[in-house]
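So the protein sequences, as listed, match chains C and F.
Quick note, in the numbering used here, the first sequence goes up one by one and the last residue is 449.
Quick note, in the numbering used here, the second sequence goes up one by one and the last residue is 898.
Protein chains: 2
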Amino acid sequence: MSLITPRTPPGTMELLPRQQVAFQRMLDTIRRGYERFGFVPVETPVFETVDTLLTKSGGETEKQVYFVQSTGAIQQGNKPELALRFDLTVPLARYVAEHERDLAFPFRRYQIQRVYRGERAQRGRFREFYQCDIDVIGKDSLSAHYDAEIPAVIHHVFTELNFGGFTINVNNRKILLGLLDGLGVADADTRVLVLREIDKLDKIGQDKVRASLLGLGVTEHAADTILSLIAMKGTNAETLAALGALDIETDLFREGVGELTTVIEGLKAFQVPEGTVRINLAIARGLDYYTGTVYETFLNDHPGIGSVCSGGRYENLASHYTKSKLPGVGISIGATRLFYQLMEAGIIKDATPTAQVLVTQMDPALSADYFRMASELRAAGINTEIQLDGGKIAKQMKYADRAGIPVVLLMGSDEQARGTATLKHLVKGEQVEVPLTELAARARALLEG
Amino acid sequence: MSLITPRTPPGTMELLPRQQVAFQRMLDTIRRGYERFGFVPVETPVFETVDTLLTKSGGETEKQVYFVQSTGAIQQGNKPELALRFDLTVPLARYVAEHERDLAFPFRRYQIQRVYRGERAQRGRFREFYQCDIDVIGKDSLSAHYDAEIPAVIHHVFTELNFGGFTINVNNRKILLGLLDGLGVADADTRVLVLREIDKLDKIGQDKVRASLLGLGVTEHAADTILSLIAMKGTNAETLAALGALDIETDLFREGVGELTTVIEGLKAFQVPEGTVRINLAIARGLDYYTGTVYETFLNDHPGIGSVCSGGRYENLASHYTKSKLPGVGISIGATRLFYQLMEAGIIKDATPTAQVLVTQMDPALSADYFRMASELRAAGINTEIQLDGGKIAKQMKYADRAGIPVVLLMGSDEQARGTATLKHLVKGEQVEVPLTELAARARALLEG
């Protein structure tokens, strides 16, 4: 029989076991953080019907969609009826519209699942990746206080993740749009282009942005006003004061400033330190979806990774599926890319495996004792593997070392006669002979010490 | 704009939040059990290349496969290159072959992910469902003691799941095949048909099985010998004794009896009570894949659900992808079907949601106090939601009730003046006024009491 070369499909992140343990711990930390703030879990199927998924005008989105078809459907030449989700927002909209009567509003859900995009295969670009989303959905209305809660949750989660310093950038799109109104930039196409230039500020610098704005027909006064705002580097209080002092009186602008003020004040109530949330008026984000507050989060020591957690406020979640008005605010951690980049940077290392203790079989005659000890350790909550193949002790030790199991239990007939066993910590190089009556406690002490 | 009716794709299990919490707890219990025995996690991509997935001769499997294609590939009329996995065994084989040099053997992995089959849509039949697999893979060889460990893990997991009594049925296919050798049933096609009849015993009864066997050309003596064995209802020791006393001397039969004896003895060493594991010689299972020990698990009070956890020993995991010989033994819990059936039967009920306490806003002037209390409860490890929309207290209470949040915290200006708050347990109907200095401890007592 000729062999097939085994290969992971391109554009996916497949991990070795100890990397997988590290990844799982990261997802667990995110989940625990989301639950700490009372978000409830939702899971949706990996595919949606094509009708549901492709409500938008096609174009960019549709090009990246993976369609799903059974053999029978392909043979019959049918058009695909199913497609893999490309984010968790469309499934959420469908879910909320479908189950509306069974949900309590404001509906606070978290969802940690994989999404799929037919990206060109490229190092660090993924076709399959985890998103870890939270959203709060109101019925008819939703207070701007929730716009403050979202970064408070992210602050909690990233503190727990312990990847070093991070900054949650906050803005409100009403401020930018209201400013353009006030400055007389009224043409819709021009506004889109102006916002796109603003978003480039951090990459291309003030001079180039200014030149582009003038090229778009924006007056010098307007361009300078915009730049003075978006390039501002003050404290949040200073930025809010500067916004208040501006000679812009459009309702939209004032609304945006009001909401941003609510967010910044709310964050104090949530006890989020000022330094981790920063008003950044240059953040515009995706154009049509977000309507108010927007977020982008950066790791201070790894700006090159880009935003690791983004989101914002939207006017109406599910207008394609229901007449109910469902405003919401949410954010998403791109866990696969974040993990991959931090692993590449050496920040995330292989975790210790799930097994904490390996019970070896030094003397086959003592087999019953080994089993009893393994059960005892498990009953005490210690993850324990028992070597069942037996064989040379050196081979058993080598296995423990290769698998990364930190502690090995050894007992020969001498020790058995004394009522003891030896616990050896392979990483620390420590070895202790302990009474069998204290086995679990001493193993735990060695693991934790 | 015309609305699209929101609908979950047929053949998938989508849960409401409190059902999802219950499901998640079930998966967590399974995972914790697997980890307790030192299994390491693996996740593979939802799709594999078609080459990898469809190594088998097509036929039944291929008919149920979902193919995955991007828009571009469909437009170009290409054949699909990717397909959704239909089990976790093929991806495991590919994974082990691909990462062989980086793994420690025996390789003990667990994998909890969804798989996909293009089943005809039907109530209780799923196109997308979770499998929770464990496998131990040896290099070149793997001791039969591991065949005893697998049911020990399942015993631990099902005890923790607490769905009532369960029975793990164990058999060894070598016994059946060796018996057929010894009884002169040598024709390969006939053997396949005989095993298929044997598997029907519990459904159609002895008389019909006997008639079928005779119809297949099996002698009366052979049919009676087979039936006397497979219908045996003794203790494990009695069954093993009866097997030992049989006048069958083929190597395969003796090997099978030897391995079964090892499993039954091993289970004693693992302290698994005799009653939960039972030799059942009528279990034949899938024909080509399993080569030795086989398992099927039934819930004693819900036999109608069928086997909830099945598996067995195989000779060589990854012969399609590598020349290495990789014998293994494994088992799989079909979590989606199990959960769905137990929910339908009323055994699994809605869980309490993730939020344990709702902090209400009785008096907007005390907002800062509410935020501080919510943070305090969270810091103490209590999942806490704070009502940010405010509004009438009756509406806030109604929300807590609808969402199923068990405890509500209320504080008006009177209480604030006294330095207290009121905790109300909505399910128990209990209400206590507690000093703010003891808030977290008293909330925990109320939740746990």
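For every residue, glycine included, the Cβ atom is placed at its ideal position computed from N, Cα and C.
query	result
Helix, strand or coil at C/D207 [DSSP, three-state]	helix
Which of helix, strand or coil DSSP assigns to C/G215	helix
Cross-strand partners of F/F496 (DSSP beta bridge)	F/L533
Option nearest C/E259 by Cα separation, candidates C/V434, C/Y146 and C/E128	C/Y146
Proximal residues of chain C, C-beta to C-beta of F/L465 below 7 angstroms	H99 and D102
Top-ranked residue by Cα proximity to C/L92, from F/E764, F/F607 and F/L465	F/L465
Residues that C/E296 bridges to, as DSSP identifies them	C/N169 and C/S310
Outcome for C/R402 when other beta-carbon atoms lying within 10 angstroms are tallied against a minimum of 16	exposed
Listed by chain order, chain F residues near C/R399 by CB distance under 7 angstroms	The displayed chain sequence assigns Tyr, not Arg, to residue 399 of chain C. Within 7 angstroms Cβ-Cβ: A553.
Beta-bridge pairing of C/D135 - partner residues as DSSP gives them	C/R109 and C/G330
Helix, strand or coil at C/P353 according to DSSP, with G and I counted as helix	coil
Proximal residues of chain F, C-beta to C-beta of C/N383 below 8 angstroms	E484, R485, F486 and G487
Buried or exposed by the 16-neighbour rule on C-beta atoms within 10 Å, applied to C/P6	buried
Within-7 angstroms CB hit, F/V517 to chain C	yes
Straight-line Cα distance separating C/H221 from C/G178	16 angstroms
Reduced DSSP category for C/S453 - H, G, I as helix; E, B as strand; rest coil	One cannot answer for residue 453 of chain C here, as it falls past the ends of chain C, which runs 1 to 449.
Under 7 angstroms by beta carbon: chain F residues contacting C/L388	S592, H594, Y595 and E598
Host beta strand (DSSP E) of C/H155 (start-end)	Here C/H155 belongs to no beta strand (DSSP E); instead the alpha helix (DSSP H) covers H145 to L161.
Which residues DSSP lists as bridging C/H425, in chain order	C/V407 and C/E430
Chain-ordered residues of the stretch 753 to 779 of chain F with a beta carbon less than 8 angstroms from chain C	A767, S768, H769, Y770, T771 and K772
Below-7 angstroms beta-carbon distance, C/K63 vs any chain B residue	Of the protein chains in this structure, namely C and F, none is chain B.
Three-state class that DSSP yields for F/P455 in the structure shown	coil
Segment contact, 8 angstroms Cβ cut-off, at least three pairs: the stretch 749 to 760 of chain F with the stretch 622 to 640 of chain F	no
Sequence-distant residues of the same chain with beta carbon closer than 6 angstroms to C/Y130, five excluded per side	R114, A335 and T336
Whole-angstrom distance between F/T801 and F/F607, CA atom to CA atom	22 angstroms
Close beta carbons around F/L885, own chain, < 7 angstroms, minus the five adjacent residues each side	G868, T869 and A870
DSSP beta-bridge partners of C/Q450	The structure shown does not extend to residue 450 of chain C, since chain C is modelled only from 1 through 449, so no value can be given for it.
Meets three-Cβ-pair contact criterion under 8 angstroms: the stretch 721 to 741 of chain F and the stretch 608 to 617 of chain F	yes
Inter-residue spacing [alpha-carbon to alpha-carbon] between F/L815 and F/Q845	16 angstroms
Outcome for F/L650 when other beta-carbon atoms lying within 10 angstroms are tallied against a minimum of 16	buried
DSSP beta-bridge partners of F/P884	F/T869
Best match in F/G573, F/V876 and F/Q810 for proximity to F/G755 [C-alpha to C-alpha]	F/G573
Integer-rounded CB distance, given that C/A83 should sit under 8 angstroms from C/A318	Incorrect: roughly 18 angstroms between the Cβ atoms, too far for contact.
Three-state secondary structure assigned by DSSP to C/E385	strand
F/L837 versus F/S824 - alpha carbon distance	14 angstroms
Rounded straight-line distance, which links the Cα of F/P494 to that of C/G312	29 angstroms
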